[in-house]
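Which chain is which? The protein sequence lines are D and U, in order. With the first sequence counted from 1, adding 295 to any position gets you our numbering. With the second sequence counted from 1, adding 155 to any position gets you our numbering. Backbone N, C-alpha and C fix where the C-beta goes; we use that ideal spot for every residue, glycine too. All figures in this text were calculated on a predicted structure; none of them were measured in a lab. Down below is the structure, laid out as structure tokens.
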Amino acid sequence: MIEAHLPVERLSIILGEVKEVKVTQRSERRTRVDVGADALPALLELLKGRAGFVHLSAISCVDWPDDGEFELVYHLWSYELNLLVSAHARIARDPGVYVSIYDIYHPAGFFERDIHEMYGVFFEGAPDMEKFILTEWDGPPPMRKEFDSEAWVNDHFDWQDYRPDWLVELEQQGGGVVIPPDEQRFSRRSEDEG
Amino acid sequence: MSNSDQFPVEIEQPHHKGNGSGNIFSRVFDELTAFCRSRSMFILHYCTGCGAIELPPAMTSRFDMERLGVSPMVSPRQADILLITGYVSVKTLKRVLLTYEQMGSPKYVIGICSCTVNGGMYWQSYATAKKLNDYMPVDLYIAGCMPRPEAVITGLRELMEKIRKGEANGWQDYYRRYDYYLGHQQRLFGETWQTPTNVVGEARHYGLLGDETQGVHTELLKRHQKPLEALEMRLSPADKAEMEL
């Protein structure tokens with residue numbers, strides 16, 4: 296057992312034990328750790344067991360379609376150090392399978408289930424990979440970048456007619472809305488295409 | 156301020172049209188019913204979104220909705236108004252429709268906030284319904300993001316006025332054009348969508364069976380509809396053990 300006087304020292308010793316880890320001090324209480332996907336569970340185990348990072352606040356997922364990767368971010372909080380460590384790991388977008396950390400942090404079960412339905416990442420060893428919030432959704436995982444929400448909306452919904460009387464009056468007087476709602480709605484897309 | 160200042164009561168002159176009987180008392184009873192109905196309404200507030208936060212001040216002493224004869228109700232079967240306060244997600248919309256169909260007629264729907272009108276700030280979201288009046292008849296929209304309690308009160312008074320004049324007939328529209336509403340519901344929820352309510356049967360009961368009550372969509376519903384079955388009563392082993400103790 297390594298003895299260190301200050302908890303912060305203990306953290307730096309632990310981070311030194313994991314190979315190929317990049318530590319960035321973001322601010323006084325925020326530390327970003329970039330780690331390889333194979334080493335991440337070991338890092339979490341060490342942080343929880345030896346540095347008092349008992350609280351997993353959330354797991355977030357970032358989609359990087361150009362790199363063909365998903366970035367998983369594990370947000371860990373230590374009540375002893377009053378420090379937030381966010382551990383970043385990247386996994387391949389295809390097939391998008393990673394290992395569950397349910398054994399280390401039980402709340403991870405919910406976060407992983409959520410990421411599974413929103414991004415389609417499968418977590419091996421998770422207790423439950425069923426639908427969580429989108430129980431009545433049968434489309435593709437909606438948070439992936441390739442999912443075109445606007446196109447889906449156009450396929451499934453009608454738009455409210457937007458022709459109020461006061462607008463007609465204004466238009467007759469030569470005024471009116473500068474960009475009509477129909478054009479405004481798709482302005483971003485036309486920029487992308489052009 | 157006296158009550159008559161707040162609610163200008165217009166005394167309508169009897170028209171000589173329709174049945175042409177010329178009896179000035181022929182519509183008295185209908186008008187009286189409509190008048191009484193408009194002044195005693197229970198609202199079921201289906202608080203789906205942010206607009207719900209404006210209702211407590213509208214109901215409580217600051218704006219006091221009850222002075223209009225409007226008060227909250229906890230069950231759909233006893234409510235007159237369904238108040239939908241904010242965005243309706245696709246999942247929620249199913250529940251809203253179930254609630255709406257459970258309400259006894261005459262029933263009125265008020266959509267509060269921009270989201271019920273056109274999707275509001277969630278116009279691009281895959282998860283929320285954009286246009287509430289595609290799925291159920293809406294008698295009144297109160298636009299705003301969110302409308303203040305004054306606007307809610309104004310909207311309610313507007314609805315009261317419409318009811319008194321007999322113009323708030325959205326619930327009849329649901330029976331007369333059920334096929335249209337069902338079509339939109341099926342488009343969003345899939346072909347197998349069904350509710351426990353027999354809307355066509357109710358339409359027949361109320362004498363509101365129109366040309367558009369039945370159509371292609373109700374045919375589709377008939378094909379998929381499963382008869383209602385009573386829920387099975389079953390005790391789990393844990394419950395049994397508890398009872399034996």
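Inclusion of H383 (chain D) and V328 (chain D) in the CB contact set at 9 angstroms is warranted, their separation being smaller than that value.
Not a single CB atom of chain U sits nearer than 9 angstroms to the CB of L462 (chain D). Distance from G274 (chain U) to I239 (chain U) at the Cβ level is roughly 13 angstroms; contact not present, criterion being Cβ atoms closer than 8 angstroms.
The secondary-structure analysis by DSSP pairs S355 (chain D) across a beta bridge with D:V368. When 8 angstroms is used as the limit between beta carbons, P437 (chain D) is near these residues of chain U: Y281 and A282, in chain order. Spanning the alpha carbons of V355 (chain U) and L210 (chain U) requires a straight line of approximately 34 angstroms. Considering only beta carbons, the part of the region 231-259 of chain U lying closer than 9 angstroms to chain D consists of V245, K246 and K249, in chain order. Ranking U:F190, U:T247 and U:W348 by CA distance to the CA of I318 (chain U) puts U:F190 first. Counting along the chain, no alpha helix (DSSP H) covers V293 (chain U), and no H or E run does either. Between A421 (chain D) and I354 (chain D), the C-beta spacing is not below 9 angstroms. Taken in chain order, the members of the region 316-344 of chain U whose beta-carbon sits within less than 9 angstroms of a beta-carbon on chain D are H339, R342, L343 and F344. Annotation: G299 (chain U) to V316 (chain D) spans about 51 angstroms, alpha carbon to alpha carbon. Pairing N324 (chain U) with Y336 (chain U), the inter-Cα distance amounts to about 15 angstroms. Put simply, the backbone Cα of L306 (chain D) is about 15 angstroms away from that of R321 (chain D). Rounded to the nearest whole angstrom, the CA to CA distance from V392 (chain D) to G206 (chain U) is 40 angstroms.
Residue state for V243 (chain U) is assigned as coil, using DSSP reduced to three classes. I396 (chain D) sits in coil when the DSSP states are folded into three classes, being neither helix nor strand. Contact between P231 (chain U) and T254 (chain U) holds: their C-beta atoms lie close to 5 angstroms from each other, under 8 angstroms. In terms of Cβ geometry, Y242 (chain U) and Y277 (chain U) form a close pair [threshold 9 angstroms]. In the DSSP annotation of this structure, F442 (chain D) is not part of any beta strand (DSSP E), being labelled neither H nor E.
Where Q467 (chain D) is concerned, the enclosing alpha helix (DSSP H) starts and stops at D460 to Q467. The region 303-322 of chain U makes contact with the region 219-227 of chain U; the number of CB pairs closer than 8 angstroms reaches 3 or more.
The three-state reading of DSSP puts A358 (chain U) in helix, counting H, G and I together. Under DSSP, the beta-bridge partners assigned to T319 (chain D) are D:R327. D:V357 is the residue among D:E431, D:V357, D:F405 and D:S381 whose C-alpha sits nearest the C-alpha of A387 (chain D). The residue among D:E407, D:Y400 and D:E466 with its C-alpha nearest the C-alpha of K343 (chain D) is D:Y400.
At a cut-off of 9 angstroms, the C-beta of E412 (chain D) has no neighbouring C-beta in chain U. The beta-carbon of D333 (chain D) is placed no less than 9 angstroms from the nearest beta-carbon of chain U. Taking all protein chains shown into account, R324 (chain D) has fewer than 16 neighbouring C-beta atoms within 10 Å of its C-beta and is therefore exposed. The criterion of a C-beta distance shorter than 9 angstroms is not satisfied by E346 (chain U) and L383 (chain U). Less than 9 angstroms divides the Cβ of T326 (chain D) from the Cβ of L379 (chain D). The residues R408, D409 and E412, in chain order, have a CB closer than 6 angstroms to that of F427 (chain D) in the same chain once the five nearest residues on each side in sequence are set aside.
A direct Cα-to-Cα measurement between V394 (chain D) and H350 (chain D) gives close to 19 angstroms. As the crow flies, the alpha-carbon of G365 (chain U) is around 7 angstroms from that of R332 (chain U). Comparing alpha carbon positions, the residue from D:P360, D:E304, D:D450 and D:L338 closest to E441 (chain D) is D:P360. At a cut-off of 9 angstroms between C-beta atoms, G274 (chain U) counts as an interface residue with respect to chain D.
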